[in-house]
Every structure is written in structure tokens, then in C-alpha cells.
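Here the structure is laid out as C-alpha cells; the discussion comes afterwards.
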Amino acid sequence: MPDMLLKPALPGVALRRWRLLHRVKQNHAAELFNVTQSTISRWESGVQAMDPAAHKRLEQLLAARLDAAADQVLARLVRESPRPIHLICDLTHRLLACSSARAAEFTLPVSELLGRSLWRFATPEIIGNELALDESGWRETCAPPALEFTTGNNHSALVPISQSRCRWTRIPLSDGTAARLVETL
1 MPDMLLKPAL PGVALRRWRL LHRVKQNHAA ELFNVTQSTI SRWESGVQAM DPAAHKRLEQ
61 LLAARLDAAA DQVLARLVRE SPRPIHLICD LTHRLLACSS ARAAEFTLPV SELLGRSLWR
121 FATPEIIGNE LALDESGWRE TCAPPALEFT TGNNHSALVP ISQSRCRWTR IPLSDGTAAR
181 LVETL
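Start counting the sequence shown at 1; every next residue gets the next number (UniProt numbering).
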């Protein structure tokens, strides 16, 4: 997957949602991105594309964090689950939390994987389903509750993925970002 995880058509929409959720005016967003207010307006309306540096800054703003108490409870529930599950940032694929059953599948300690993207371990089936998410409305407010699919092996000794049935559930976090619960069925 490319360095920029947001597809070209989405950054302006994502920026506007972020601003509205956090009650940030276009002028303040312009200061954060070191551009003019009119540039923010053009990005949001889709008239002008974001440059790579602004794209990266937007991804940083949208990356899931488990800062709020409710989000930390979610992470605890994932860690304490007896099932092989993990929680990732829906945008960056950074590992946010992992159950013991899932961690037992890894040859790396979870502490070395937390906060790092698991994307490099994706199977072709995971990549294909990821690329189809935006067309399915995955990041919209009325998104499908979950996506189930069959994945193949990734042949990784570090973070192995075996042929199995997989379920992704998108979970909005307290700050408006999203996490993805990944379950092996």
C-alpha cells in the first residue's frame, strides 16, 4: 500500500469531518497546515488536491489513538479476550491492542509490534479487501457494521496469517478517529 493511505478523493472530506468534529475553524486548520484559509476551502471542496506533506499531516491528525477512558476500556477488553483478536488503527494499520490468544501466534513480542503498522504482513486477500473499503462505504456514517472474508497465508514467521475466515469491524473512537477490530472466525 502506498505511503498515503487516504485515497485522492477523500482527503478534503476527511479534513472537513475532522474540523467539524473538533470544532476547528478553517483559519485555525490553515495555521496547522501552514496554508491559507482559501486553500483549506479548496481542499475540502475537492477543487485543489493536497500536496504530499499536507496529506501526511492529515493522516497524523486522523490516526487512531486510545487516549480517552472509553477507548482504553475497549483496548482492555481486546487484551483480555480469550479469542484471537486485535485492534488496529483503521487508517494506518498500527497495532493498538492485542489479545493473548493472538499474541501467542506471533514470534515477536507484542511490545515490539504495538504502535507499528501490521500492513507489511497483509495477505493478497487482505490487500484486496482493504482497497475495496472506500467503494463499500466503509468510512461513511452509515457504513456496513462488519466485513467478513476468507484470507490465505502470508508465510510470515513473525506475524503469521493462516488461511481462515476473518471479520473486520470498524469502531469509532472518542476523538472521532476509527479503530478496526480484527477477528479470526
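A virtual CB, placed ideally from N, CA and C, is assigned to each residue, including glycine.
Item                                                                                                                                : Value
When Gln60, Ser162 and Arg180 are compared against Pro144, the one with the closest alpha-carbon                                    : Arg180
One or two residues paired with Arg79 in a DSSP bridge                                                                              : Answer is none; Arg79 lacks a bridge partner.
Exposure label - Gly46; buried when at least 16 CB within 10 Å                                                                      : exposed
Cutoff 6 angstroms; reference Thr39; Cβ partners in own chain excluding five residues on either side                                : none
Cβ separation of Ala70 and Ser174, assumed to be a contact under 8 angstroms, to the nearest whole Å                                : 5 angstroms
Residue span of the alpha helix (DSSP H) that contains Ala30, given as start and end                                                : Gln26 to Phe33
Glu112 and Pro84 closer than 8 angstroms at C-beta                                                                                  : no
For Leu95, three-class secondary structure by DSSP                                                                                  : strand
Alpha-carbon to alpha-carbon, Asn153 and Pro160                                                                                     : 7 angstroms
Beta-bridge pairing of Pro172 - partner residues as DSSP gives them                                                                 : Ala178
CA-to-CA distance, Arg17 to Ser81, given in whole angstroms                                                                         : 32 angstroms
Whole-Å CB distance - Ala75 paired with His86, under 8 angstroms assumed                                                            : About 10 angstroms separates the two Cβ atoms, so there is no contact after all.
Within 8 angstroms, strictly: CB atoms of Ala177 and Leu15                                                                          : According to the sequence displayed, residue 177 carries Thr and not Ala. Contact flag unset, no.
Per DSSP, cross-strand counterpart(s) of Leu164                                                                                     : Leu is not the amino acid found at residue 164; the sequence shown has Ser there. Paired residue(s): Thr151.
Chain-order list of residues whose beta-carbon lies under 8 angstroms from that of Leu91 (same chain, five-residue window excluded) : Leu5, Leu6, Glu59, Leu62, Ala63, Ala64, Thr177 and Ala178
Of the residues Glu125, Leu20, His93 and Gln26, the one placed nearest Arg116, counting alpha carbons only                          : His93
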